[in-house]
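Okay, structure first, notes after.
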DNA sequence: AATAGAACTATTTTT
DNA sequence: TAGTTCTATT
């Protein structure tokens, strides 16, 4: 069924009960004047400047619902772009709630999903096939690795990572290899080599029938520009375009919006199918431009590193003449204390428009601050406070822990596990990035796209079956020379003399498996994939209908035939059991997909998997604490929020300090973090932090000082953790003494820190004036830090060589006391807490939790499987 | 070809 | 430290 059948808004079948009929209008009721204006405004363009927590999702959904109810648009004429798939699903649900089944046929999706949808429909226009593969960053890197190797470009310092990010940046600017070649310095061999890499990369993607992430947007723009008739179809269809998080759009995304909001010129109008009706046209015979609504907050722009251009929002009024601007400043999310802190921090960004969030809700409790001696100590505080909050009646799912970098999860996870607090890490090493999951997925990808070398190459070695690099190269040469798909090349392995007789059987069997699966995936009918009929009696099991096989069946077939799970289970490494479980989990995901979207097919499944965002896994029903980076946290809110690692070098991150505008972006990140909190905000840091094997002194973040003292209640201030009071900052010194009961206990652990002769004063260098003035001392610091690091490493090596362990190492090994039986009354000993008595055991299996009263530290809950405990006889 | 151990190196955020 | 890649061995 076509999405295009509902083009004429006359005779709209629903939404007839207009708000004017008396009584409050449910779509306007409870909105403040600014929000109401944003819902009702009609014009070519509308910019909604929406401060954090100002109800923009509400405004957007109500605006869409209002358009439909007032018969100004069909659902199918609306395109709403959100930042994550989860936000899209939520928006759809809320509009459905407002209108009944009103969201049917509406496009609510991310930029990437919308573009994939368009590209799949139009791929043939420029030499792709609809079943194209979407390369994730790892796939892109794998491809680049080959190219760099082939060109010997590594000797010039090219790596898959650096060339990949450079290509990505260029693509976000809509530049291709030829554009770059036209502007580069001809005399620079590195530049010329880069162009060569870029060219080959483009070429290989095309040969593989694959797009990378950036292509999804860029190629859609390219498609629209090269084919005005195609563009006209979408320009005509989408009469109302709404874009959320507009401050984080990059040039390519901006261009896409521009293309979609162009009027259709008369010469294109002629070609429209079905023909344009008179009422669709303006006086000059054009189809007028779609109306555009964008929502954004330049203070929350945190993706400049990905090409987001803040100018898109700043210059919106110039770009779209006649635009109306509505500012939403009243906050409905957080307490005044939290907002004051947020305002104070962001106020230090001088290059912004003045804006102040306010709330009518009252001050609320103060922000809680804590400084640990190490990240371990910091994590302990977080875990204890979470337990406290939970005891106080807060659900785990109302609590989130934020950090700047994914590597900070380690210490947090360790302590949360020990405290038996259920938690979930969003993002980080995602499920689909696990090696074994990628292995299994590579079969499915290859089945859907037998021309893709990356997935094919991966599946050859998963599991190990004796096909090595040599055999792979011969096969690849053969397929290229003969112009075959990889599957066909494998079936004809007998024609490759270099491959020995033993391997031929293996290769042919694998080729047959893939061919058979591809037929099933295509519904058993003819495909562009495997024209070679296989005289194989086992074929009979495939049904002859055109129905594509369920994804789970395909996956099951692949897993069974390759014996991946069995081979993992057969190994002794306990990690391999977890890997086998991941594959079972993947099978469950596929089954779920088949139930949710019956008949959708393999390509739809692969698309969905490629485009999941970190925040999409957030499950409000899960009853777990959420751990995530502050980037992932954008758009979310929690009753209680912990912002951890608020130290110079981490937040703002060291890497950002040298970049122009880098610190300002980090400050916005801090602002985003703070404004996620509704009721309680905790800000924590550590005075020492272990960076790869080494412990370094950390200084409080400059952002801390930007928060007025009166707003933070320090349980343990940075000043108190100095050791023997070295030079302390004025600002932080001032709150000294409000430490309370924590200081005593914590000070006892001081010996664990590094030698405390180093003063723990907050970072120098203000918010950043001239970048030249800032970068010089910064690089100086980096140099000395590097020297220090080398020296420490040398000492550590010597110490290890001398047989003495390193005193500060935290035991990182994963324990498994799986078989430990405990009962009330048993006495146990714990590595850190000493001896204690078990008062009870709850939970089952690997989730068994022991309740223990320790002689020294009192009651603790421990996960039996993982806690560092042993029974005392 | 597969494995185990040694050496090396990178330390940001992500659709 | 930890993850990866290189090298030597079987």
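In UniProt numbering, the protein residues as written are 1 to 873.
Glycine residues also receive a C-beta, built at the ideal position from the N, C-alpha and C atoms.
In this structure, the straight-line span from the alpha carbon of residue 834 to that of residue 856 is close to 7 Å. A distance below 8 Å between beta-carbons, with the five flanking residues on each side excluded, links residue 305 to the following residues of its chain, in chain order: 665. Scanning 841, 207 and 264 for the CA closest to the CA of residue 479 turns up 207. When rounded, the separation of the alpha-carbon atoms in residue 629 and residue 265 is 46 Å. Within the segment 492-527, the complete alpha helix (DSSP H) segments of 4 residues or longer fall at 501-521, listed in chain order.
Contact annotation: residue 139 and residue 244 have beta-carbon atoms that are not nearer than 9 Å. Annotation for residue 610: 134 and 136 place their beta carbon closer than 8 Å to its own, counting only its chain and skipping 5 residues before and after.
Shown here, residue 694 sits in a strand according to DSSP, grouped into three states. Leaving aside the five residues that flank residue 154 on each side, the residues in its chain whose CB is nearer than 8 Å to its CB run, in chain order, 148. A contact between stretches requires three or more CB pairs, one per stretch, nearer than 8 Å, and the segment 545-561 meets this requirement with the segment 580-598. In its chain, beyond the 5 residues on either side, 137, 140, 141 and 144 have a beta carbon closer than 8 Å to the beta carbon of residue 164. In this structure, DSSP gives residue 74 a state outside helix and strand, which the three-state scheme calls coil. Two segments are said to touch when three or more pairs of C-beta atoms, one from each, lie closer than 8 Å; by this definition the segment 435-451 does not touch the segment 400-416. Apart from the 5 residues on each side of it in sequence, residue 28 sits with its Cβ closer than 6 Å to the Cβ of 36 in its chain, given in chain order. The segment 672-682 makes contact with the segment 637-657, as at least three CB pairs between them are under 8 Å. In terms of Cα proximity to residue 82, the closest of 404, 249 and 548 is 249. Below 8 Å, enough C-beta pairs join the segment 217-224 and the segment 252-265 to call them touching: three or more. Under the DSSP assignment, residue 447 falls in the alpha helix (DSSP H) whose first and last residues are 435-448. For residue 177, the three-state secondary structure derived from DSSP is helix.
Looking from the CA of residue 51, the closest CA among 692, 204 and 247 belongs to 247.
Between residue 49 and residue 430, the CB-CB gap reaches or exceeds 9 Å. Ranking 336, 110, 301 and 871 by CA distance to the CA of residue 667 puts 301 first. Each residue's CA atom was taken as its position, placing residue 463 and residue 451 some 21 Å apart. When DSSP states are grouped into helix, strand and coil, residue 659 belongs to the coil group.
The distance from the Cβ of residue 287 to that of residue 236 is about 6 Å, consistent with a contact at the 8 Å cut-off. Looking at the DSSP output, residue 324 bridges to 46.
Taking the Cα positions, residue 709 is about 23 Å away from residue 331.
The Cβ atoms of residue 194 and residue 238 do not sit closer than 9 Å to each other.
If you compare the alpha carbons of 705, 323 and 684 with that of residue 383, the shortest gap goes to 684.
Per the coordinates, the alpha-carbon of residue 77 lies some 15 Å from the alpha-carbon of residue 61.
Taking C-beta atoms as the reference points, residue 512 and residue 491 count as a pair closer than 9 Å. Judged by their CB atoms, residue 822 and residue 841 are nearer to each other than the 9 Å cut-off. In the displayed model, residue 83 falls within coil according to three-state DSSP, outside both helix and strand. For the pair residue 403 and residue 626, the CB atoms are not nearer than the 9 Å cut-off. Unbroken alpha helix (DSSP H) runs of no fewer than 4 residues, entirely contained in the segment 271-319, are found at 311-314 and 316-319, following chain order. A residue is called buried when at least 16 other Cβ atoms come within 10 angstroms of its Cβ; residue 187 does not meet this threshold and is exposed.
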